[in-house]
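K.L.:
Below is one structure. I have some questions about it.
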Amino acid sequence: MTRGQRDAERRLAAEIDSSIPDVLRREWDRHVAREQAVVARQGIFSPRLHPFGYELGFRAPGSTGVDAAGWTELQHERATSAVLRATFGRADVDEVGHGRWLFVRCPRSYLVGDLHLPARPDRLVIEIAGGTRIDGDVLRGVRRLREQGFRIALAGFVSRADQRALLPQADFVKIDARDLDVEGEPVVDLARSHGALLVAEFVESSAELRAGRRLGFDLYQGYLLERSLLLDRSSAPLLGPDHDSIGRSL
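Just so you know, the sequence shown maps onto residues -15 to 234 in my numbering.
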């Protein structure tokens, strides 16, 4: 789907939304307040395995996993919106993060400012997936988010040219621990060249954990340390306009 098609789809959605009678809108609000809101949470740990933060991911109610490989951009946007609403659009966010950083992968539309993010730079780390195409619009959007106080995490770093352009804006850089024997010290040194904290992600074996420590990684994430836990946020009260605005077009 092209950007023009996505914009047209969002305009149509906004027109439909504005035409909904108040009585139906109130009924929808009651439905949303009752619906199940589930997020997956996986810990991010210090070298001594103390909790540093958590990555949050989408889970459909009743499911235990997600295969997002074939998703469209719109599906990624909706999944991110569901995670952000369940986390920041409901009360008691510290029940999710215990006062620590919360990493959420945000697709392009959130990075360039097309969709609304929760105003929580004190908790939210905006994570950019490794497959994201980083162009001028994304770079400008990320700079704007940094000016607003948000931290930025660059995931799946493999030293592509467009990824390197984003390094000055990255507070965290994630490298796949399973590839450390291939990527080696040059990529690790480049990833930390602008002062970002390095995260070894997908740590699945003791050997990968040892390799990350040998290379001086700052943080670790993966099934060896913690599998994703499902958190049901359905009982947490909605935060009214904050909940409704997340994921809406700007």
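Glycine included, C-beta positions come from ideal geometry on N, C-alpha and C.
Since the model is a prediction, treat every value here as computed from it, not as a measurement.
Could you tell me which of 70, 185, 125 sits nearest to residue 211, measuring between CA atoms?
P.N.:
Measuring from the Cα of residue 211, the nearest candidate turns out to be 185.
K.L.:
When the Cα atoms are used, what is the spatial distance from residue 69 to residue 2?
P.N.:
One C-alpha to the other measures close to 21 Å.
K.L.:
Using 8 Å as the threshold, is the C-beta distance between residue 141 and residue 85 below it?
P.N.:
Contact: no.
K.L.:
Tell me whether residue 41 sits in a helix, a strand or coil according to DSSP, three-state version.
P.N.:
If DSSP states are grouped into helix, strand and coil, residue 41 belongs with the strands.
K.L.:
Might you give, ordered along the chain, the residues of its own chain that have their beta carbon closer than 7 Å to the beta carbon of residue 206, omitting 5 neighbours on each side?
P.N.:
These residues qualify, in order along the chain: 161, 185, 186, 187, 188.
K.L.:
Which one of 183, 83, 121 has the shortest CA to CA distance from residue 96?
P.N.:
Ranking the options by Cα distance to residue 96, first place goes to 121.
K.L.:
Does the Cβ of residue 132 have 16 or more other Cβ atoms within 10 Å, making it buried, or fewer, making it exposed?
P.N.:
Residue 132 should be labelled exposed.
K.L.:
If residue 88 and residue 110 are in contact, beta carbons under 8 Å, what's the gap, nearest whole angstrom?
P.N.:
The pair is a contact, with the Cβ atoms about 7 Å apart (cut-off 8 Å).
K.L.:
Based on DSSP bridge pairs, tell me the residues matched to residue 185.
P.N.:
Answer is 160, bridged to residue 185.
K.L.:
If I'm right that residue 183 touches residue 150 with Cβ under 8 Å, what's the distance once you round it to whole angstroms?
P.N.:
Contact flag wrong, Cβ pair sits at about 15 Å.
K.L.:
Going by alpha carbons, who is nearest to residue 159 out of 201, 81, 145?
P.N.:
Comparing Cα-Cα distances from residue 159 to each of 201, 81, 145, the minimum goes to 201.
K.L.:
For the putative contact between residue 181 and residue 156, defined by C-beta atoms under 8 Å, what is the C-beta separation to the nearest angstrom?
P.N.:
Residue 181 to residue 156, Cβ: 5 Å. Contact.
K.L.:
Once you ignore the five residues that flank residue 199 on each side, which residues in its own chain have a CB closer than 7 Å to its CB?
P.N.:
Around residue 199: 164, 169, 172.
K.L.:
Just verifying my parser: in three-state terms, what is the DSSP assignment at residue 167?
P.N.:
Residue state, collapsed to three classes: helix.
K.L.:
Given this structure, state the Cα-to-Cα distance separating residue 193 from residue 43, to the nearest angstrom.
P.N.:
Rounded to the nearest angstrom, the two C-alpha atoms are 27 Å apart.
K.L.:
Roughly how many whole angstroms lie between the Cα atoms of residue 61 and residue 191?
P.N.:
Residue 61 and residue 191: Cα-Cα distance of roughly 35 Å.
K.L.:
What span of residues does the alpha helix (DSSP H) with residue 24 cover, start to end?
P.N.:
Counting along the chain, residue 24 falls outside any alpha helix (DSSP H), though it belongs to the beta strand (DSSP E) covering 22 to 29.
K.L.:
Jot down the residue ranges of each uninterrupted alpha helix (DSSP H) in the stretch 85 to 111, minimum 4 residues, whole runs only, in chain order.
P.N.:
Runs of the alpha helix (DSSP H) inside the stretch 85 to 111: 92 to 95.
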